[in-house]
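Asker:
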Amino acid sequence: MSKLEIAERVRGMTDNVWVRFDKVARETDPVNCGSGRPDLAPPDFMVGALKESISELNTLHQYTREFGHPRLVKALARMYSRLVGQEIDAEEEVVITVGAQQALYCTIFGMVNPGDEVIVIEPFFDGYETITQIAEGVPVYIPLRPPQAKDGKNVSSADWVLDPKELESKFNEKTKMIVLNTPHNPTGKVFSRQELEVIANLCKKHDVICLSDEVYEWLVFGGAEHVRICTLPGMWERTITVGSAGKAFNITGWKVGWAYGERNVLRGTRLYHQSCRITLSTLLQEAVAIGIEHETDRIHEPTSYWKGLCTRLQEKRDRVCSSLSCIGMTPTVPQGGYFIMADFSNIASKADIEGEGPKDERFAMWLCRTKKLLGIPPSSFYGPADKVLAQHLIRFCFMREDSTLHQAIQILNELKPTM
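Residue numbers for the sequence shown follow the UniProt record's numbering, beginning at 1 and rising by one.
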């Protein structure tokens, strides 16, 4: 074998769904409601914070502390201490990362040994599966099961549920970790306290770590409540929680994320983190710290940016769901996040999607190439045995300017009479 061969750990990997559909999007220039990259402007106070940071003439242009810029870890510790009812040590219990995905990467690599099993809830952010496999862990899949839509009524993301007995069957002596995502991408489900208690009790019974991806924590709509699983009895010491400045402030290009948790459970994340990189942008961390400080004093207040953003997003969600329903699709109305999963079963037969490969991918490709609207096929968010569960589904992002959504809705409205 040539020494120029790539490593065995990545030899079986191929272009993921993002690479494939980004290529098609660059070829066709569609209305992009596929990626999680918003086209909404960030809040003025965040832009101002970055300008202020850049204007500083010395220390902010140099390396900062390895595990996170002091001002940022202190701001996060202060905010989350209030939210979770634990006094969080900024020095030992918060780590700043290059986006939330690096927090996931460092946590899985820092905690999972070869052969360890990691329970992954389907549909999932595909990074959970990929990172686990590269770390030589074994993904164990369990699906959220949607209800059957009746009488043309929409489905709520709350109706996508885990079967408690099926979930319990996934835990055994090899189980090291379960990855939780709430609010959930791509369904928008906000796990209830009762659902989290089931997961928490199994984690405690089997001595399992919970990696809780809560990057959409501030995007929760009326009637739903975001409960942090680390606040449940006995879970603080076995939960690592991941957050994102990009999702919180509409600044995904800044790539600032974090993980927090009890110092002993966070130790693996910290150790692996220090081998991956030497700090990250001091300027961006300073600006994010200013933003966190700004919002911490306004949480639940009418002046909160997050509160106003949720109101705006709920209106966008309702517009898109209404349009999807009008053309015959069945949307899952999300309780949080900024994605909508829609069932296209009723119109699939009228689309030209003959060929090989997953049906949802063929439909998404047809919609992009023929109708110039980009959505993402979610079969890539399922394990090999469960991809069939996504065969009639497509994911749309509604974190878009009204003008973008107007174009998307125009295209959707054209589908019904032409199909």
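A virtual CB, placed ideally from N, CA and C, is assigned to each residue, including glycine. On a predicted model such as this, the values are computed, not experimentally measured, just so you know.
Within this structure, are the beta carbons of P378 and R395 separated by less than 8 Å?
Answerer: Cβ distance < 8 Å, so P378 and R395 count as in contact.
Asker: Here's the rule I'm using: 16 or more other beta-carbon atoms within 10 Å means buried, otherwise exposed. How should Y63 be labelled?
Answerer: Classification of Y63: exposed, given that the 10 Å Cβ count is below 16.
Asker: Could you pull out every residue in the same chain whose Cβ sits closer than 6 Å to the Cβ of A289, ignoring the five residues on either side in sequence?
Answerer: These residues qualify, in order along the chain: R71, L72 and A75.
Asker: Identify, in the order they occur along the chain, each residue of the same chain with its Cβ nearer than 7 Å to the Cβ of I131, setting aside the five sequence neighbours on each side.
Answerer: L104, Y105 and I108, listed in sequence order.
Asker: For N346, which residues in the same chain have their Cβ closer than 8 Å to its Cβ, ignoring the five residues on either side in sequence?
Answerer: Excluding residues within five positions, the ones whose Cβ falls inside 8 Å are G328, M329 and T330.
Asker: Please report how far the alpha carbon of N113 lies from the alpha carbon of M177, in whole angstroms.
Answerer: N113 and M177: Cα-Cα distance of roughly 11 Å.
Asker: Within the same chain, show all residues whose beta-carbon is closer than 6 Å to that of residue 420, passing over the 5 residues directly before and after it, in chain order.
Answerer: Any question about residue 420 goes unanswered here, given that the chain covers just 1 to 419.
Asker: Label C326 either buried or exposed according to how many other C-beta atoms from any shown protein chain fall within 10 Å of its C-beta, with 16 as the threshold for buried.
Answerer: Exposed.
Asker: Compare the beta carbon distance of D159 and P146 with 8 Å and say whether it is the shorter of the two.
Answerer: For D159 and P146, yes; Cβs fall inside 8 Å.
Asker: Let me check one thing: in DSSP terms, what residues is L211 bridge-paired to?
Answerer: BP columns for L211 point to V179 and I240.
Asker: Taking only the alpha-carbon atoms, compute the straight-line gap between residue 436 and H294 and give it to the nearest angstrom.
Answerer: This structure cannot speak to residue 436, because the chain is shown only from 1 to 419.
Asker: Could you check which residue in D402, L271, E52 and G336 has the C-alpha nearest to that of M111?
Answerer: Taking only the C-alpha atoms, the option nearest M111 is L271.
Asker: With burial defined as no fewer than 16 other Cβ atoms inside 10 Å of the residue's Cβ, what is the status of M235: buried or exposed?
Answerer: Counting Cβ neighbours within 10 Å, M235 comes out buried, since at least 16 surround it.
Asker: So which of I88, K387 and E166 has the shortest CA-CA distance to T231?
Answerer: Residue I88 is the option with its Cα nearest to T231.
Asker: In terms of residues, what are the limits of the beta strand (DSSP E) holding I119?
Answerer: E117 to E122 is the span of the beta strand (DSSP E), which, as asked, contains I119.
Asker: Considering residue 427, what are the terminal residues of the alpha helix (DSSP H) in which it resides?
Answerer: The structure shown has nothing for residue 427, since the chain only spans 1 to 419.
Asker: Determine the closest residue to I251 out of T239, I6, A25 and P38, with distance taken between C-alpha atoms.
Answerer: Among T239, I6, A25 and P38, the Cα nearest to that of I251 is on P38.
Asker: For my contact list, H69 and E286 are in at a C-beta cut-off of 8 Å; report their separation, rounded to the angstrom.
Answerer: 6 Å between Cβ atoms; contact.
Asker: Measure the Cβ-Cβ separation of P123 and Y382 and say whether it is below 8 Å.
Answerer: Yes.
Asker: The alpha helix (DSSP H) spanning F21 covers which residue range?
Answerer: First-last of the alpha helix (DSSP H) with F21: V17 to T28.
Asker: Within 10 angstroms of the Cβ of R180, are there 16 or more other Cβ atoms? Answer buried if so, exposed if not.
Answerer: Correcting the residue type first, residue 180 is Leu in the shown sequence and not Arg. That one is buried.
Asker: DSSP state of P164, grouped into three classes?
Answerer: In the structure shown, P164 sits in a helix (DSSP, three-state: H, G or I).
Asker: What number of angstroms, rounded off, separates the C-alpha of M365 from the C-alpha of T187?
Answerer: About 21 Å.
Asker: Determine, for R228, whether the minimum Cβ-Cβ distance to residues of chain D falls below 8 Å.
Answerer: This model lacks chain D altogether, as it is built from one protein chain only.
Asker: With 16 other CB atoms within 10 Å as the buried threshold, where does residue 421 fall?
Answerer: Nothing can be reported for residue 421, as the shown portion of the chain is limited to 1 through 419.
Asker: Bridge partners for I376 per DSSP, in chain order?
Answerer: Answer by DSSP bridge pairing, in chain order: R395.
Asker: In whole angstroms, what is the alpha-carbon distance linking I229 and N413?
Answerer: Between I229 and N413, the C-alpha separation is close to 41 Å.
Asker: In whole angstroms, what is the alpha-carbon distance linking R317 and G337?
Answerer: Computed Cα separation, rounded: 10 Å.
Asker: Measure from the alpha carbon of I119 to the alpha carbon of each residue in E168, A100, Q101 and S157, then state which is nearest.
Answerer: Closest by alpha carbon: E168.
Asker: Is the stretch 24–43 in contact with the stretch 353–373, if contact means three or more CB pairs nearer than 8 Å?
Answerer: The stretch 24–43 vs the stretch 353–373: in contact.
Asker: Does DSSP put Y216 in a helix, in a strand, or in coil?
Answerer: Note: Y216 maps to coil in three-state DSSP.
Asker: Look at the Cβ atom of V320, then the Cβ atom of F221, and state whether they are nearer than 8 Å.
Answerer: No; because the gap between Cβ atoms is not below 8 Å, this pair is not in contact.
Asker: Quick check on this structure: which residue in L219, R298, T404 and G257 has the alpha carbon closest to the alpha carbon of H273?
Answerer: Nearest of L219, R298, T404 and G257 to H273, Cα basis: G257.
Asker: Please classify M419: does DSSP put it in a helix, a strand, or coil?
Answerer: Note that M419 scores 45 on pLDDT, short of 50, meaning its location in the model is unreliable and no value can be drawn from it.
Asker: Would the stretch 354–361 and the stretch 385–394 be scored as touching if the rule is three or more Cβ pairs under 8 Å?
Answerer: The stretch 354–361, when compared against the stretch 385–394, does touch it at the 8 Å Cβ threshold.
Asker: Of all the options S323, S281, V227 and M341, which has the alpha carbon lying nearest to the alpha carbon of A200?
Answerer: Answer by Cα proximity: V227.
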